[in-house]
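Asker: There's a structure below that I have some questions on.
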Amino acid sequence: MRAIRQHAFGGPEELRLEELSDPHPAGDQVRIRVESAGVHLLDTVIRQGGGGPRVAPRLPMTPGREVAGTVDEVGAVADAALLGRRVVADLGPAGGGYAELALAPAAAVHVLPDGVDADCAVAMVGTGRTTMAILELAAPTAADVVLVTAAAGGIGTLLVQACRSAGATVVGVAGGPGKVALARRTGADHAIDYTRPGWPDEVRRAVAGRPVTLALDGVGGRIGRSALELLGVTGRLVMFGSSSGSLTELSTGDLFSRGISAASAIGARILQRPGGIRTLERDALEALTQGRLAPVIGQRFALTDAPAAHIALQSRATTGKTVLRP
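When the letters of the sequence shown are read in order and numbered with full-length UniProt numbering, they come out as residues 1 to 326.
In structure tokens form, the structure reads like this:
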């Protein structure tokens with residue numbers, strides 16, 4: 001099989017296409033002939049040797065933690081009924097998704113209904129799962145004025161849709177005209193470019209003086225701080241990332257003086273969630289199959305172009321979800 005291999009930490013040039021022996025599943029595993037593999041900003045961090053001990057890989061490695069495709073071989077104690085079924089799975093820290101064939105624990109796969117697009121399934125088993133965790137914590141309602149940062153990203157586009165469906169007034173902020181237009185297309189009542197000076201004042205004008213009651217922030221840094229400062233009394237800040245490179249700065253003084261609350265929907269909260277994360281994956285996939293959420297597939301790259309996919313992600317040139325197609 002062909003697979004992307006990385007023998008050293010470093011830049012995108014470390015991602016190299018190689019020919020490997022076909023893997024075979026252990027007793028409780030299945031083998032998936034990959035139709036689509038998800039690409040994350042976290043993948044670029046791991047490629048450089050970051051990401052923390054939970055995701056620290058052993059080199060050489062094949063990156064990629066989410067795949068969709070068809071089960072073409074099952075291990076001795078795996079469910080034989082999975083053979084020939086189209087599935088999607090999160091492969092966990094072991095990775096291996098940037099390949100034509102990938103191994104997954106049988107317990108990790110979700111069987112896909114007929115007609116479900118592989119790219120969309122990949123988006124929902126990972127990005128959609130995180131979105132469900134954010135929504136579980138944020139609990140948006142029709143009474144909310146919601147500010148979504150990184151509103152053109154994979155998570156952001158789903159959050160805009162979900163908050164709009166809840167009846168909330170949604171303000172999507174993103175960087176650049178194209179991303180602003182996407183936030184508007186996915187349902188934002190107001191879409192604003194946060195690369196423009198004074199964008200918080202544009203938010204205030206857009207909502208006609210109503211306070212922001214819920215800020216969903218995946219950017220952090222100055223953008224996240226501005227989102228916090230837009231919150232009215234009793235407002236909630238829910239953080240789910242720091243794509244700017246730094247976390248949103250806040251203090252107990254902010255919580256007391258502004259009368260707000262702040263929490264993170266990812267990290268320890270999602271990893272130690274009662275009941276685990278598989279139910280979040282299930283809920284995300286149900287939202288897809290029932291038409292309640294539609295992930296935006298921003299860019300599709302061939303397996304051979306994995307380095308280009310990483311470059312695009314790091315340069316913030318992508319919108320929605322990025323995938324590889326072996």
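Backbone N, C-alpha and C fix where the C-beta goes; we use that ideal spot for every residue, glycine too. Bear in mind the structure is a predicted one, so any value in this text is a computation, not a measurement.
G221 to T44, Cα distance in whole Å?
Answerer: The residue you call residue 221 lines up with position 221 of the sequence shown. The residue you call residue 44 lines up with position 44 of the sequence shown. If I take the Cα positions, the gap works out to 20 Å.
Asker: What three-state label does DSSP hand L216 in the structure shown?
Answerer: Translated into positions along the sequence shown, residue 216 becomes position 216. Here L216 sits in strand by DSSP.
Asker: Please look up how many angstroms separate the CB atoms of T62 and G115, rounded, as I've assumed it's under 8 Å.
Answerer: For the purposes of this step, residue 62 is taken as the residue at position 62 of the sequence shown. For the purposes of this step, residue 115 is taken as the residue at position 115 of the sequence shown. That pair is no contact at about 29 Å.
Asker: Do the stretch 169-178 and the stretch 139-159 make contact, defined as three or more Cβ pairs closer than 8 Å?
Answerer: yes
Asker: Measuring CB to CB, does V233 end up less than 8 Å from R258?
Answerer: By 1-based counting over the sequence shown, the position of residue 233 is 233. By 1-based counting over the sequence shown, the position of residue 258 is 258. Yes, they are a contact pair.
Asker: Tell me the DSSP secondary structure of M1 in three-state form.
Answerer: Counted from its first residue, the sequence shown places residue 1 at position 1. Residue state, collapsed to three classes: coil.
Asker: Are there three or more Cβ pairs, one per stretch, closer than 8 Å when the stretch 10-25 is compared with the stretch 99-110?
Answerer: yes
Asker: Of the residues G298, V30, M124, S251, which one's Cα is nearest the Cα of I277?
Answerer: As a position in the sequence shown, residue 277 is number 277, starting the count at 1. The residue with the shortest Cα to Cα distance from I277 is M124.
Asker: If you follow the alpha helix (DSSP H) that G320 is in, where does it begin and where does it stop?
Answerer: Against the sequence shown, residue 320 aligns to sequence position 320. No alpha helix (DSSP H) contains G320, which DSSP labels as neither H nor E.
Asker: Just confirm the distance between the C-beta atoms of V296 and L216, as a whole number of angstroms; I'd bet it's less than 8 Å.
Answerer: Along the sequence shown, read from residue 1 onward, the residue named residue 296 stands at position 296. Along the sequence shown, read from residue 1 onward, the residue named residue 216 stands at position 216. About 16 Å; that fails the 8 Å criterion.
Asker: Looking at the unbroken beta strand (DSSP E) that takes in D193, where does it start and where does it end?
Answerer: Along the sequence shown, one-based indexing puts residue 193 at 193. Per DSSP, D193 belongs to the beta strand (DSSP E) from 190-193.
Asker: In this structure, does DSSP put E14 in helix, strand or coil?
Answerer: For this step, residue 14 is matched to residue 14 along the sequence shown. Residue state, collapsed to three classes: helix.
Asker: Which residue spans inside the stretch 228-282 form an unbroken beta strand (DSSP E) run of at least 3?
Answerer: 231-239, 261-264
Asker: Considering only residues of the same chain and omitting the five flanking positions on each side of R236, which have a CB-CB separation below 6 Å?
Answerer: Translated into the one-based positions of the sequence shown, residue 236 becomes position 236. L214, S261, listed in sequence order.
Asker: Is DSSP giving P57 helix, strand or coil here?
Answerer: Here residue 57 refers to the residue found at position 57 when the sequence shown is read from its first residue. It is coil, neither helix nor strand.
Asker: Could you name each continuous beta strand (DSSP E) segment of 3 residues or more that falls completely within the stretch 46-110, going from the start of the chain to the end?
Answerer: Segments of the beta strand (DSSP E) lying fully in the stretch 46-110: 66-74, 86-90, 101-105.
Asker: Assign S226 to one of three DSSP states: helix, strand, or coil.
Answerer: Here residue 226 corresponds to residue number 226 of the sequence shown, with the count starting at 1. Residue state, collapsed to three classes: helix.
Asker: Short of 6 Å in beta carbon distance, which residues of its chain neighbour A287, apart from the five on each side in sequence? Order them along the chain.
Answerer: Residue 287 sits at position 287 when you count from the first residue of the sequence shown. Here the set comprises L293.
Asker: L147 lies in the beta strand (DSSP E); which residues open and close that run?
Answerer: Working through the sequence shown from its first residue, we reach residue 147 at position 147. That run of the beta strand (DSSP E) goes 145-148.
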